[in-house]
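Presented below is the structure to which this report refers.
Residue numbers (our numbering): 159 to 291.
Written out as structure tokens, the structure is:
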């Protein structure tokens, strides 16, 4: 039986699973709790329905390390930020690419969806935060 993480049990937390992914830069759970995304130098590994062992799927396509990953609020889309100065959008169910946003002039380090999913924010080494709809 697992307990929710709280201040009362924080001192007793122990790892329950592990996987090896290389140099990890970001980790994100899908809002529906069904998928764990792990960004690393070679792309993003996805584990669906359980963590550990081999990933269910890997998102590849960036030409440089992936620095950030985020799920849309409805868990249907994944955004990735990369040192290649792009943000890529993916279908979370299939892993298929949906589009590339190339508005940054340097590495993109972070990406986040707005709570209603209508905006995508990205921030990078070019010292800009861009909002895309």
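Beta carbons: idealized from backbone N, C-alpha and C, even for Gly.
Note the first and the last residue of the continuous beta strand (DSSP E) segment covering residue i.
i, result
"residue 250", "From DSSP, residue 250 is part of no beta strand (DSSP E); its letter is neither H nor E."
"residue 193", "193-198"
"residue 203", "201-206"
"residue 270", "266-271"
"residue 181", "Unbroken run through residue 181: none, as it is neither H nor E."
"residue 226", "224-229"
Could you pull out every residue in the same chain whose Cβ sits closer than 7 Å to the Cβ of residue i, ignoring the five residues on either side in sequence?
i, result
"residue 250", "188, 193, 229, 233, 234, 235, 236"
In this structure, does DSSP put residue i in helix, strand or coil?
i, result
"residue 280", "strand"
To the nearest angstrom, report how far apart residue i and residue j are at their CA atoms.
i, j, result
"residue 312", "residue 289", "What the structure shows of the chain is the stretch from 159 to 291, and residue 312 is not part of that stretch, so it cannot be assessed."
"residue 159", "residue 208", "Its pLDDT being 45, under 50, residue 159 is placed unreliably by the model, and nothing is read from it."
"residue 190", "residue 231", "8 Å"
"residue 278", "residue 211", "31 Å"
If I measure Cβ to Cβ from residue i and keep anything under 8 Å in the same chain, skipping five residues before and after, which residues do I get?
i, result
"residue 225", "183, 184, 197, 239, 240, 241, 265, 266, 267, 268"
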